[in-house]
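The structure under discussion appears below in the form of structure tokens.
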Amino acid sequence: MTALLNLVDVIKDYGSEAGTFRALHGVSLDVRAGEFMAIMGPSGSGKSTLMNIIGCLDTPTTGSYRFEGTDTATLSESALAKLRNAGIGFVFQQFNLLPRLSALANVALPMVYSGVSARDRATRAQVLLESVGLGDKPKSRPSQLSGGQQQRVAVARSLANDPQLLLADEPTGALDTKTGVEVLALFRALNADKGVTVVIVTHDPEVARATNRVVRIQDGRVFYDGPPTEAALYGHAEPEVTA
Amino acid sequence: MIGTMLAEAWGALIANRLRSALTMLGMIIGVAAVILMLAIGGGVQKQVSDSISGLGSNLLIVTAGSSRQGPLSGGAGSGATLRIEDADAIARIENVVAAAPSTAVPAAQAVAGPVNWSTQVTGSVPAYFIVNEWTAGDGRVFSDREERAGARVAVIGQTVADKLFGANDPLGQMIRVKGVSLQVIGVMAKRGQGFGGQDRDDVIIVPLTTALRLLQGNAFRRSIRSISVSVSSAEALDQVERDITLLLRQLHRLKGDDQDDFSVANLTAITDTLSTTTRAISLLLAAIGSISLVVGGIGIMNIMLVSVTERTREIGIRMAIGASRAAVRLQFLLEALMLSLIGCGIGVAAGTGLAMLAGRAIGFDTAVTLYAVTVAFAVSASIGIFFGWWPATRASKLSPIEALRS
Numbered sequence: 000m001t002a003l004l005n006l007v008d009v010i011k012d013y014g015s016e017a018g019t020f021r022a023l024h025g026v027s028l029d030v031r032a033g034e035f036m037a038i039m040g041p042s043g044s045g046k047s048t049l050m051n052i053i054g055c056l057d058t059p060t061t062g063s064y065r066f067e068g069t070d071t072a073t074l075s076e077s078a079l080a081k082l083r084n085a086g087i088g089f090v091f092q093q094f095n096l097l098p099r100l101s102a103l104a105n106v107a108l109p110m111v112y113s114g115v116s117a118r119d120r121a122t123r124a125q126v127l128l129e130s131v132g133l134g135d136k137p138k139s140r141p142s143q144l145s146g147g148q149q150q151r152v153a154v155a156r157s158l159a160n161d162p163q164l165l166l167a168d169e170p171t172g173a174l175d176t177k178t179g180v181e182v183l184a185l186f187r188a189l190n191a192d193k194g195v196t197v198v199i200v201t202h203d204p205e206v207a208r209a210t211n212r213v214v215r216i217q218d219g220r221v222f223y224d225g226p227p228t229e230a231a232l233y234g235h236a237e238p239e240v241t242a
Numbered sequence: 000m001i002g003t004m005l006a007e008a009w010g011a012l013i014a015n016r017l018r019s020a021l022t023m024l025g026m027i028i029g030v031a032a033v034i035l036m037l038a039i040g041g042g043v044q045k046q047v048s049d050s051i052s053g054l055g056s057n058l059l060i061v062t063a064g065s066s067r068q069g070p071l072s073g074g075a076g077s078g079a080t081l082r083i084e085d086a087d088a089i090a091r092i093e094n095v096v097a098a099a100p101s102t103a104v105p106a107a108q109a110v111a112g113p114v115n116w117s118t119q120v121t122g123s124v125p126a127y128f129i130v131n132e133w134t135a136g137d138g139r140v141f142s143d144r145e146e147r148a149g150a151r152v153a154v155i156g157q158t159v160a161d162k163l164f165g166a167n168d169p170l171g172q173m174i175r176v177k178g179v180s181l182q183v184i185g186v187m188a189k190r191g192q193g194f195g196g197q198d199r200d201d202v203i204i205v206p207l208t209t210a211l212r213l214l215q216g217n218a219f220r221r222s223i224r225s226i227s228v229s230v231s232s233a234e235a236l237d238q239v240e241r242d243i244t245l246l247l248r249q250l251h252r253l254k255g256d257d258q259d260d261f262s263v264a265n266l267t268a269i270t271d272t273l274s275t276t277t278r279a280i281s282l283l284l285a286a287i288g289s290i291s292l293v294v295g296g297i298g299i300m301n302i303m304l305v306s307v308t309e310r311t312r313e314i315g316i317r318m319a320i321g322a323s324r325a326a327v328r329l330q331f332l333l334e335a336l337m338l339s340l341i342g343c344g345i346g347v348a349a350g351t352g353l354a355m356l357a358g359r360a361i362g363f364d365t366a367v368t369l370y371a372v373t374v375a376f377a378v379s380a381s382i383g384i385f386f387g388w389w390p391a392t393r394a395s396k397l398s399p400i401e402a403l404r405s
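Protein chains in written order, with numbering that gives the first Met the number 0: chain A, 0 to 242; chain B, 0 to 405.
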């Protein structure tokens, strides 16, 4: 079976007036469907760049990135938008809900761009809100919800178009410990019950500990790729790059 | 999807009510100005064309020259230079349908029983009614025989009828002018106001012979004030005008460098000039309105640029969850379009209201036409798209990563 995500020798350079800066030095990585994993690394390690490439928000300078076997380099801008819309669900540290819209409308938003009818959107968005335990708050604005509630709305939104990949960027970073644990439990349940592939980008060892696989990025390279051992979580592991 | 996007655009405008309203102000003022000007221009033109049709078509008016006493000129019509024979001669010119000599009885007071009314008394021939395309609304006009016989009859305008007889039937009643009793045989159809706003129904018309008898002083015995000439077609007007001038110079025995002792006015030319002028003025005013529309459009562009900057993060979020660049552009374009069209709607309402007020103040009809409203909306939509395009494109070109980071 082919991998859901397949990165081969991904290099990412950023050009600036001061010269080029290489954020990724040839990253190769396979993620199979149904995995529950974390990408770790200190700030400046390149993990955000990697996340942007995996999320199709950015493209590699060289190397290839295949999503479900499709080389993303061959996709047009609008095809990439479609892929972000239907194939990938984003969860952000700062929730990134639209403040003007109700919880229900926020959850329904990705379906607007995929052309689902207004009635089906509302029905599905309500089901999704219920699945994250917020079935009673469809009309609430983000500002009327707690951080944990907002993040759960964001998770519901990420699931709107049944994506294969759920990509979370520091999803517990803005939450207190207890709420963070709840959100992680939600990810775990989605992974176990619906088979959604979950990739969490984090620097928090406690978050990564809850996953099955840890990829540690350091200086733009894969520094560790394996189970979440103490050494891997805290960055003491010897380099153990998988081919 | 469009429905949802329209709802979202509306939500975005509502979220910044004051700003949206101020942004629309430019469009409102521009559209209101254009609507108002088109309405007033249309009203003026209607007034002019009504006056033209009221004058009778293809009309030339020959007026007697000024009287001269040494260096003093008495003004047009004061001289006794036109004679009834001149009218008869003019009537024989090619392409002349009819020539009606007429004279005015100065300072005429009309009396009917206990009531009196100061009005204009004109003496003329039956051709006068043909030339002026004016018919009796009630009763009849006098005949050629009555005219030649100097019959003591009168045809009165609607205003005179109202003033002298009120609700009573004027037909068959007697009125006295300068001590002479005249029987009312007809009441003319209502004509309304003329160019200068004078009441063209405030007039008594009597047979020319009768009028000349009413006139004091032998100097005016056979002389008349003006001759109205009806010409068969507009194309013949200029030629007939030249022919009249030649003929009258000959009849009046004027030598090569003598001044004309009469003047010929081409009313169609005058009204043409008038309507051209009013059209030019309303075009000018519409142009001024258009400038403020453009300024309004620039205001929309300005606010949309601010809005794009403010909502960079929102744009990033939308792109991350799958909005294509085209969808982002469409969203901002719709907002700009909505701003301009709502502004246009308010502007049309305001312009219509102002046009009604202005019409009441100036005293003539101002009509806001469907054409003007259609043009206003079409222009506003174009402005919304034109000035919304750049900000919307700018929004769509944002990098989602940069936008999310803001």
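Just so it is clear, CB atoms sit at the ideal spot from N, CA and C, and this is done for glycine as well.
Everything numeric in this text was worked out from a predicted model, so none of it was measured.
Which residues in chain A sit within 8 Å of B:E313, going by Cβ to Cβ distance? Translated into positions along the second sequence, residue 313 of chain B becomes position 314. Here the neighbours are L97.
Looking at C-beta atoms only, is the number of pairs between the stretch 146 to 156 of chain A and the stretch 121 to 132 of chain A that lie closer than 8 Å three or more? yes
In the DSSP assignment, the alpha helix (DSSP H) including B:V205 goes from what residue to what residue? For the purposes of this step, residue 205 of chain B is taken as residue 206 along the second sequence, with counting starting at 1. From DSSP, B:V205 is part of no alpha helix (DSSP H) but of the beta strand (DSSP E) over 202 to 206.
Enclosing alpha helix (DSSP H) for B:W133 [first to last residue]: Residue numbering aside, residue 133 of chain B sits at position 134 when the second sequence is read from its first letter. Where B:W133 is concerned, there is no enclosing alpha helix (DSSP H), given that its DSSP letter is neither H nor E.
For the alpha helix (DSSP H) that B:D242 lies in, which residues bound it at each end? For the purposes of this step, residue 242 of chain B is taken as residue 243 along the second sequence, with counting starting at 1. Taken as a continuous stretch (DSSP letters only), the alpha helix (DSSP H) holding B:D242 covers 236 to 250.
Please list the residues of the stretch 102 to 114 of chain A that have a C-beta atom closer than 8 Å to any C-beta atom in chain B, keeping them in chain order. L108, P109, V111, Y112, S113, G114
Using 8 Å as the threshold, is the C-beta distance between B:L59 and B:V186 below it? Within the second sequence, numbered from 1, the residue matching residue 59 of chain B stands at position 60. Within the second sequence, numbered from 1, the residue matching residue 186 of chain B stands at position 187. Result no, Cβ atoms of B:L59 and B:V186 do not sit closer than 8 Å.
With a threshold of 16 other CB atoms inside 10 Å of the CB of A:S75, please say whether the residue is buried or exposed. On the first sequence, position 76 is the one that residue 75 of chain A refers to. The residue is exposed, with fewer than 16 neighbouring Cβ atoms inside 10 Å.
Pull out every residue of the stretch 149 to 160 of chain A whose Cβ sits closer than 9 Å to any Cβ of chain B, in chain order. R156, S157, A159, N160
What residue from A:P59, A:S113, A:I38 has the CA that sits closest to A:A22's CA? Working through the first sequence from its first residue, we reach residue 22 of chain A at position 23. Closest by alpha carbon: A:P59.
Would you identify the three-state DSSP class for B:A218, choosing helix, strand or coil? Counted from its first residue, the second sequence places residue 218 of chain B at position 219. For B:A218, the predicted model reports a pLDDT of 47, less than 50, meaning its position is unreliable and no value from the coordinates is stated.
Buried or exposed for B:A218, going by 16 or more other Cβ atoms inside 10 Å? Locating residue 218 of chain B in the second sequence gives position 219, where the first residue counts as 1. Note that B:A218 scores a pLDDT of 47, beneath 50, so its modelled location is shaky; the value from the coordinates is reported in the next line. Answer is exposed; the Cβ neighbour count stays below 16.
Going by C-alpha distance, which of A:T201, A:Q163, A:L108 is nearest B:V327? The count along the second sequence starts at 1 and reaches residue 327 of chain B at position 328. It is A:L108 whose Cα lies nearest to the Cα of B:V327.
Can you list, in chain order, the residues of its chain whose CB lies under 7 Å from that of A:Q217, leaving out five sequence neighbours each side? Mapped onto the first sequence, residue 217 of chain A falls at position 218. Contacts found: G40, S44.
From the DSSP output, read off the bridge partner residues of A:I10. As a working mapping, residue 10 of chain A is identified with position 11 in the first sequence. Bridge partners of A:I10: A:H24, A:T61.
Secondary structure at B:A279, three-state DSSP: helix, strand or coil? As a first step, residue 279 of chain B is located in the second sequence; it is residue number 280 there, counting from the start. Helix at B:A279.
Within 8 Å (strictly less), CB to CB, does B:M361 reach chain A? By 1-based counting over the second sequence, the position of residue 361 of chain B is 362. For clarity, residue 361 of chain B is Ile in the given sequence; the question names Met instead. Closer than 8 Å: no.
Could you give the DSSP three-state label for B:L17: helix, strand or coil? Taking the first residue of the second sequence as position 1, residue 17 of chain B is located at position 18. Helix, per DSSP.
For B:E120, which of B:F128, B:A107, B:I297 has the nearest alpha-carbon? Position 121 of the second sequence, counted from the start, is the residue given in the question as residue 120 of chain B. Before going on, a small fix: residue 120 of chain B reads as Val here, not Glu. Closest by alpha carbon: B:A107.
Whole-angstrom Cβ separation of B:G321 and A:K81, contact assumed at under 8 Å? Taking the first residue of the second sequence as 1, we reach residue 321 of chain B at position 322. Taking the first residue of the first sequence as 1, we reach residue 81 of chain A at position 82. Confirmed, about 7 Å.
List the endpoints of the continuous beta strand (DSSP E) containing B:M173. For the purposes of this step, residue 173 of chain B is taken as the residue at position 174 of the second sequence. 173 to 176 is the extent of the beta strand (DSSP E) around B:M173.
Give a yes or no on whether 8 Å exceeds the smallest Cβ distance from A:S142 to chain B. Translated into positions along the first sequence, residue 142 of chain A becomes position 143. A:S142 does not count as touching chain B.
Within its chain, find whatever has a CB closer than 6 Å to the CB of A:A242; leave out the 5 residues flanking it on each side and keep chain order. In the first sequence, the residue the question calls residue 242 of chain A occupies position 243. At A:A242, the pLDDT of 45 sits below 50, so the modelled position is not reliable; the number obtained from the coordinates is stated separately. Once the five neighbours on either side are set aside, A:A242 has no close Cβ partner at all.
Would you identify the three-state DSSP class for B:R324, choosing helix, strand or coil? Mapped onto the second sequence, residue 324 of chain B falls at position 325. In this structure, B:R324 counts as helix in the three-state DSSP scheme.
Positions along the stretch 50 to 81 of chain A whose CB lies within less than 8 Å of some CB in chain B: N51, G54, L56, D57, E76, S77, A80, K81
For the beta strand (DSSP E) that A:F89 lies in, which residues bound it at each end? In the first sequence, residue 89 of chain A corresponds to position 90, counting from 1. A:F89 -> beta strand (DSSP E) spans 87 to 90.
Leaving out five residues on either side along the sequence, give the residues of the same chain with a beta carbon under 7 Å from the beta carbon of B:I386. The count along the second sequence starts at 1 and reaches residue 386 of chain B at position 387. First, the residue type needs correcting, since residue 386 of chain B is Phe and not Ile in the sequence shown. Only G296, I297, I299, M300, A335 meet the Cβ criterion.
Where the alpha helix (DSSP H) containing B:R147 begins and where it ends: Indexing the second sequence from 1 puts residue 147 of chain B at position 148. Element bounds for B:R147: 143 to 148.
If contact means a Cβ-Cβ distance below 9 Å, which residues of the stretch 322 to 352 of chain B contact chain A? A322, S323, R324, A325, A326
Taking just the CA atoms, how far does B:A11 sit from B:M26? As a first step, residue 26 of chain B must be located in the second sequence, where it is residue number 27. As a first step, residue 11 of chain B must be located in the second sequence, where it is residue number 12. So the two alpha carbons sit approximately 19 Å from each other.
Helix, strand or coil: which one does DSSP assign to B:A264? If you number the second sequence from 1, residue 264 of chain B lands on position 265. In this structure, B:A264 counts as strand in the three-state DSSP scheme.
How big is the Cα-Cα spacing for B:A377 and B:L353? Start at 1 with the first residue of the second sequence, and residue 377 of chain B comes out as number 378. Start at 1 with the first residue of the second sequence, and residue 353 of chain B comes out as number 354. Roughly 21 Å separates the two Cα atoms.
Nearest-angstrom Cα separation, counted from B:A111 out to B:I290: The residue you call residue 290 of chain B lines up with position 291 of the second sequence. The residue you call residue 111 of chain B lines up with position 112 of the second sequence. Near 60 Å, if we compare the C-alpha coordinates of B:A111 and B:I290.
Rounding to the nearest angstrom, what Cα-Cα distance links B:G64 and B:Q44 in this structure? Here residue 64 of chain B corresponds to residue number 65 of the second sequence, with the count starting at 1. Here residue 44 of chain B corresponds to residue number 45 of the second sequence, with the count starting at 1. Going by the C-alpha atoms only, they are around 32 Å apart.
Exposed or buried, what is A:P98 when buried is set at 16 or more other beta-carbons lying within 10 Å of its beta-carbon? On the first sequence, position 99 is the one that residue 98 of chain A refers to. It counts as exposed.
How close, in whole Å, do the beta carbons of B:R151 and B:S123 come, if the pair is a contact with beta carbons under 8 Å? Stepping through the second sequence from its first residue, residue 151 of chain B is reached at position 152. Stepping through the second sequence from its first residue, residue 123 of chain B is reached at position 124. Incorrect: roughly 16 Å between the Cβ atoms, too far for contact.
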